[in-house]
Structure formats: structure tokens, C-alpha cells
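Residue numbers (the working numbering): 87 to 256.
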């Protein structure tokens with residue numbers, strides 16, 4: 087229940103065991119396509135989702151040519167109720183989305199492997215995680231994106247979308 091509340095509050099919180107290869111990840115048509123960190127450039131910046139319960143904020147910046155760092159947190163009535171650190175890391179020919187939630191999973195990151203890029207969406211998967219198993223970021227234009235978590239939760243398929251707008255500098 088604690089995991090469910092944090093995920094709903096932050097919008098993009100994740101816990102799991104390490105990422106493993108699934109049938110879906112295996113290529114039967116030659117080598118997998120190369121994915122580069124540049125595919126996630128649209129995520130760089132500051133984002134927010136304003137809801138009835140509070141505000142979810144997500145901030146991304148470039149750390150190096152092989153990694154971006156993110157911070158996601160939920161604020162209600164002036165208090166930060168939950169937060170997580172996120173890393174997006176280039177490893178060989180693929181990307182790993184790695185969230186870290188303080189006080190959970192021994193403060194270790196959980197790896198989600200990029201399994202697809204539709205041109206405007208990045209799809210990350212960890213089939214062994216309790217929930218979510220899939221994380222998707224969709225670029226809707228310069229000032230709009232949607233984060234989505236989905237997968238099997240207690241025997242039922244579940245999907246949650248978190249539309250976010252870019253916070254513009256004044």
C-alpha cells in the first residue's frame with residue numbers, strides 16, 4: 087500500500103528487483119537498434135502536473151554525455167510528501183531508467199531498460215518489478231509531455247497517466 091500511495095503521489099515512483107531480459111526484449115530480426123541518450127532530450131527542463139491533491143514536479147538536467155539526472159516530488163499544502171531521484175544512463179547501445187526512492191529498496195536504484203522508441207515516446211520495461219513493469223514518456227511538443235506507468239497490479243492490468251506542462255522561466 088505504501089508503494090501505491092507514493093507512486094500515485096509522485097507520479098513516477100518505482101521500486102523493483104534488477105532488470106532482466108524478457109521475450110519482448112529479445113530481437114528475432116537481427117541486432118537491437120542503438121538507443122542514445124539524445125532521444126530523451128525533450129525531457130530536459132522543469133515540469134509540473136497540478137492536481138486536486140497537490141502538485142507533482144519533475145526536473146531533468148544533463149549530467150554528462152552518458153547520463154541525465156531527474157528529481158520528482160509531490161507537494162501538497164506547502165509540504166513535500168514524497169520524492170525520488172532518477173537517472174537516465176547510456177549503457178552500451180541502450181538506455182536505463184533508474185529511479186531511487188529514499189528509504190526503499192535499500193536506497194538502491196531499480197533498472198528499467200529502454201525497449202522502444204516510437205519517435206515521440208520512450209518505453210522502458212522491467213518485467214520483474216511488482217508495479218509498474220512499464221514506464222513511458224511521450225513528447226507532446228515543446229511544452230508538454232506525458233509520463234505513464236503501467237503493468238500488472240495485484241492480478242489486474244493498470245495504467246496511470248501523468249500529463250505535465252513545462253514550467254517556463256519568468
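Glycine residues also receive a C-beta, built at the ideal position from the N, C-alpha and C atoms.
Cβ neighbours of residue 162 in the same chain (closer than 7 Å, five flanking residues each side left out): Only residues of its own chain outside the window of five on either side were considered, and among them 139 and 140 have a CB closer than 7 Å to the CB of residue 162, listed in chain order.
Pair within 8 Å by beta-carbon distance, residue 212 and residue 197: yes
Exposed or buried, which one is residue 247 when buried takes at least 16 other CB atoms within 10 Å? exposed
What residue range does the beta strand (DSSP E) around residue 165 cover? Unbroken beta strand (DSSP E) run through residue 165: 165-177.
I'd like to check one pair, residue 158 with residue 172: are the Cβ atoms closer than 8 Å? Contact: yes.
Can you say whether residue 235 is buried or exposed, counting buried as having 16 or more other CB atoms within 10 angstroms of its CB? buried
Please confirm whether residue 188 has its beta-carbon closer than 8 Å to some beta-carbon of chain C. You won't find chain C in this structure, because it holds only one protein chain.
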